[in-house]
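Student: Supplied in structure tokens, the structure appears directly below.
Residue numbers (my numbering): 11 to 384.
Written out as structure tokens, the structure reads:
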């Protein structure tokens, strides 16, 4: 049926886009790799040790410990606008909160809407319409086990609905739906070499309480592995694909922190921990921790560098740079963004210019969101 080919084209385009962002496209449900935060996109994704709001659910669950009372974030992205799909968009909402003596908790929901599709038979006769979408719901917990270190975990429920009816392909039949689950784990080390930061607060604490919300001064380090879990399939276990298991190593340096100006530089290195064989089969997510390094080693890692400049605690400017190896995507691009309002409640906007290659035209992708961090 024609609808099969349209869905294959649409999903391929989305997978190709996300695969280029992360130098690989061998996993199922690649929407789990979409960077959900306008702030994070402005920093080229270099947020694994600098995030201090509800977006920690995505970057590093250990960073949930930076929530003093409650944090919330909501972001909207018109995904792959260069393909002119008006009804293709990505939305994410996260909430984080602290319960005294219990720890820090996070709840997040994201959805990639693939739009409404027309179903047709072999002759082109329309049989109705249906919606295609994918979503993930996560619950996280973080605990600070020392003044300088914290650990966080995240549990995800994943649902992929490419269609809502059965289709027979040869001797096999599938309904275009798949369900899975995954875990994230993260570590955070902060307040390192605080003497390397110029820190000077002269205004009263009430000003800081309502207007300033930043990572601690000095060096901060983060580590996380996301999307650990069993393979996911639409037909049977023999044709299951691995989840997009992602390793993130992060470092950030808050080296100048006053009420009038704050400067933070961050660096994240990421690698997909996936090992797929020529026969189409793949290693388990635990095996891939070791076997995914066999052929490419560190060459398929991506590098993100971000710079954040906060002015008077009311305007924040962000700049990022993304790099990947010439043999694994060969993309290099800059990202930009800014926030209006106090750091505790702001409107965030970001965009990036995609470089031209065999898979893309030059285009701009815009992100916007609201964030509360108190």
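Every residue, glycine too, gets a C-beta built ideally from N, C-alpha and C.
1. When DSSP labels each residue in this structure, what does residue 368 get in the three-state scheme?
2. Identify every residue that forms a DSSP beta bridge with residue 101.
3. Starting from the Cα of residue 154, find the closest Cα among 242, 113, 57 and give me that residue.
4. Is DSSP giving residue 257 helix, strand or coil here?
5. Going by C-alpha distance, which of 327, 337, 332 is nearest residue 352?
6. With three or more C-beta pairs closer than 8 Å as the rule, is the region 193-212 touching the region 65-77?
7. Just the C-alpha distance for residue 229 and residue 349, rounded to the nearest angstrom, thanks.
8. Among the candidates 249, 210, 284, 288, whose CA atom is the shortest distance from the CA of residue 272?
9. According to DSSP, simplified to helix, strand and coil, what is residue 303?
10. Is the distance from the Cβ of residue 225 to the Cβ of residue 39 below 9 Å?
11. Based on the DSSP secondary-structure assignment, which residues constitute the bridge partners of residue 315?
12. Please classify residue 267: is it buried, with 16 or more other beta-carbons within 10 angstroms of its beta-carbon, or exposed?
13. Would you report the Cα separation of residue 280 and residue 186, rounded to the nearest angstrom?
14. Would you decide whether residue 55 is buried or exposed? Buried here means 16 or more other CB atoms lie within 10 Å of its CB.
15. With DSSP as the reference, label residue 212 as helix, strand or coil.
16. Identify which residue in 201, 102, 310, 354 has its Cα closest to the Cα of residue 217.
17. Quick check on residue 204: buried or exposed, where buried means 16 or more other Cβ atoms within 10 Å of its Cβ?
18. Would DSSP call residue 80 helix, strand or coil?
19. Express the C-alpha separation of residue 302 and residue 99 in angstroms, rounding to a whole number.
20. So, for residue 34: in the same chain, excluding its five sequence neighbours on each side, which residues have a beta-carbon less than 6 Å away from its beta-carbon?
21. Drop a sphere of 10 angstroms on the beta-carbon of residue 309, count the other beta-carbons inside from all chains shown, and report buried for 16 or more, exposed for fewer.
22. Taking the alpha helix (DSSP H) that residue 166 belongs to, which residues open and close that run?
Tutor: Here's the rundown:
1. As a working mapping, residue 368 is identified with position 358 in the chain shown. At residue 368 the pLDDT is 43, less than 50, meaning the model places this residue with poor confidence; the figure from the coordinates comes in the next sentence. Residue state, collapsed to three classes: coil.
2. Numbered from its first residue, the chain shown carries residue 101 at position 91. Beta-bridge pairing links residue 101 to 86, 121.
3. Within the chain shown, numbered from 1, the residue matching residue 154 stands at position 144. Out of 242, 113, 57, the CA that lies nearest to the CA of residue 154 is found in 113.
4. As a first step, residue 257 must be located in the chain shown, where it is residue number 247. It is a strand residue.
5. Sequence index remark: in the chain shown, residue 352 carries index 342 (1-based). Measuring from the Cα of residue 352, the nearest candidate turns out to be 327.
6. Segment contact: the region 65-77 against the region 193-212, three or more CB-CB distances shorter than 8 Å; contact assigned.
7. Taking the chain shown and counting its residues from 1, one reaches residue 229 at position 219. Taking the chain shown and counting its residues from 1, one reaches residue 349 at position 339. Rounded to the nearest angstrom, the two C-alpha atoms are 23 Å apart.
8. The count along the chain shown starts at 1 and reaches residue 272 at position 262. For the set 249, 210, 284, 288, the Cα lying nearest the Cα of residue 272 is the one of 210.
9. The sequence position of residue 303 within the chain shown is 293, counting from 1. In the structure shown, residue 303 sits in coil (DSSP, three-state: anything other than H, G, I, E or B).
10. Counted from its first residue, the chain shown places residue 225 at position 215. Counted from its first residue, the chain shown places residue 39 at position 29. Result no, Cβ atoms of residue 225 and residue 39 do not sit closer than 9 Å.
11. Counting from one through the chain shown, the residue named residue 315 turns up at place 305. Per DSSP, 277, 331.
12. Residue numbering aside, residue 267 sits at position 257 when the chain shown is read from its first letter. Classification for residue 267: buried.
13. Position 270 of the chain shown, counting from 1, holds the residue named residue 280. Position 176 of the chain shown, counting from 1, holds the residue named residue 186. In this structure, the straight-line span from the alpha carbon of residue 280 to that of residue 186 is close to 30 Å.
14. Position 45 of the chain shown, counted from the start, is the residue given in the question as residue 55. That one is buried.
15. Along the chain shown, read from residue 1 onward, the residue named residue 212 stands at position 202. Residue 212 falls in the coil class under three-state DSSP.
16. If you number the chain shown from 1, residue 217 lands on position 207. Closest by alpha carbon: 354.
17. Your numbering for residue 204 matches position 194 in the chain shown. With fewer than 16 other Cβ atoms within 10 Å, it is exposed.
18. On the chain shown, residue 80 is found 70 positions in, with the first residue counted as 1. If DSSP states are grouped into helix, strand and coil, residue 80 belongs with the strands.
19. Here residue 99 is taken as the residue at index 89 of the chain shown, counted from 1. Here residue 302 is taken as the residue at index 292 of the chain shown, counted from 1. Distance between the alpha carbons of residue 99 and residue 302: 31 Å.
20. Here residue 34 refers to the residue found at position 24 when the chain shown is read from its first residue. Because residue 34 carries a pLDDT of 45, less than 50, the predicted location of this residue cannot be relied on, and the following value inherits that uncertainty. Closer than 6 Å at the Cβ level, and outside the excluded window around residue 34, lie 282.
21. Residue numbering aside, residue 309 sits at position 299 when the chain shown is read from its first letter. That one is exposed.
22. Position 156 of the chain shown, counted from the first residue, corresponds to residue 166. First-last for residue 166: 159-171, but that is the beta strand (DSSP E), not the alpha helix (DSSP H).
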